[in-house]
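Everything below concerns the one structure shown next.
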Amino acid sequence: MLTSLSLIFLVGLSLGAICGKCKIPCIIGMLFTGIVLGFFVLDALDPSILNISSDLKK
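At position 45 of the sequence shown the residue is numbered 61 (the numbering used here), and the sequence of numbers has no breaks.
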């Protein structure tokens, strides 16, 4: 689970920075990270992340 969390943070910040340099809001890169890493495309995250996602949102 720690690997999944670090992957989310690193890829999210990286894509956010790339979008920022392209004059696109950084949040778009972070949203794209969630779509790509989530179960929609790559399914690269640990399923237990979904159990604690409500706590992470707070």
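Beta carbons: idealized from backbone N, C-alpha and C, even for Gly.
C-beta contact flag for residue i and residue j at 9 Å
i   : j   : result
T49 : G36 : no
L61 : L23 : yes
Element boundaries [alpha helix (DSSP H), containing residue i]
i   : result
I34 : 18-37
Residue i versus residue j - alpha carbon distance
i   : j   : result
L18 : L66 : 13 Å
P63 : M46 : 19 Å
S20 : G28 : 12 Å
V52 : P41 : 18 Å
C38 : S30 : 13 Å
I43 : K73 : 15 Å
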